[in-house]
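For reference, the structure is listed below as structure tokens.
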Amino acid sequence: MSGHSKWATTKHKKAAIDAKRAKAFAKYIKGIEVAARMGGPDVAGNPALDLAVSKAKKNSVPNDNIDRAIKRGAGLTGEVVDYSEILYEARGPQGSALYIECLTDNKNRAAADVRTAVTRSGGTMADPGSVSFMFERKGVAEVAKKDGLTEDDVLMAVLDAGADEVKEEDEVFEVISEASDLPEIRKALDAAELEYNNDDPQFRPTMTVDLDADGAKKFLKLADAIEALDDVQNVYSNVEISPEVMAQLEDAE
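full-length UniProt numbering puts the first residue of the sequence shown at 1, with every later residue one more than the last.
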């Protein structure tokens, strides 16, 4: 699971929603810049850029922002865009673990910001390898639910494309595959005319832990603080929060 949007409460303030929207825009813009830097500004001749632009448009990133990101990434504005991907590992309450994916142009800043956010929010930084072994890289595409669409319908559409399984979540069907099979999964979903999103490789936990209300409250505070950082692209965890515990948290707000 990426981040903790599946545990979002219904009482978020508008400012918090706007902040998450802005953060999402920044994530897609970085993806465009990286793709343009690696393969040039021609969308038709750069498949990675074509995919990054498609995702940004699907998530309502304005065209002007997309065009500027392409030019910046390709070096057409005189700016130098050079991002590095870094993974950090952290521990939270009650056996929770967090795998933090950063895309940054300043490794020292990213490391300091992540460490500060983790320690100030009740977590601890973990030694390299002590958390990562709990996760595996998988391809995940989220298919939007619509009237009449069933889990079996989605599975039939993607089975021959290499899907491992389809899982029903609150608002979507998750299509899970090997990361290398994602392009074929996308083609199969397009052919079946199924609307999908968040079609990226993700780190998924091999085992999960359930948190009680106190642990969940502390964990969500920790995850929020990390996700708010500019350099953080994704936060993965091994946490499960039951509907009953989420209800307790909402009642307490």
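The beta-carbon is built from N, C-alpha and C at its ideal position, and this holds for glycine as well.
On a predicted model such as this, the values are computed, not experimentally measured, just so you know.
Separation of L211 and L98 (C-alpha to C-alpha, rounded to the nearest whole angstrom) is 14 Å. The UniProt domain "TACO1/YebC-like second and third" (83–239) contains, as complete alpha helix (DSSP H) runs of 4+ residues, the segments 107–120, 151–158, 182–191 and 213–227 (chain order).
Here the segment 175–184 does not lie against the segment 68–86, with fewer than 3 beta-carbon pairs under 8 Å apart. In its chain, beyond the 5 residues on either side, L49, I70, G73 and A74 have a beta carbon closer than 6 Å to the beta carbon of A36.
Here V245 really is in contact with A216; their C-beta atoms are around 5 Å apart, less than 8 Å. In this structure V143 is in contact with L189, their Cβ atoms being roughly 7 Å apart against a cut-off of 8 Å.
Excluding sequence positions up to five before and after E178, its CB lies within less than 8 Å of the CB of K138, G139, G162 and D164, all in the same chain and listed in chain order.
Secondary structure of V80 (DSSP, three-state): coil. If you look at S60, you'll find it isn't in any alpha helix (DSSP H); DSSP assigns it neither H nor E.
If you draw a straight line from the Cα of K146 to the Cα of A191, it is about 17 Å long. Taking a contact to require three or more Cβ pairs closer than 8 Å, the segment 87–94 and the segment 56–67 do not qualify as touching. Q248 and S237 have their C-alpha atoms roughly 21 Å apart. Residue burial is scored here from C-beta neighbours: G148 has fewer than 16 other C-beta atoms within 10 angstroms and is therefore classed as exposed.
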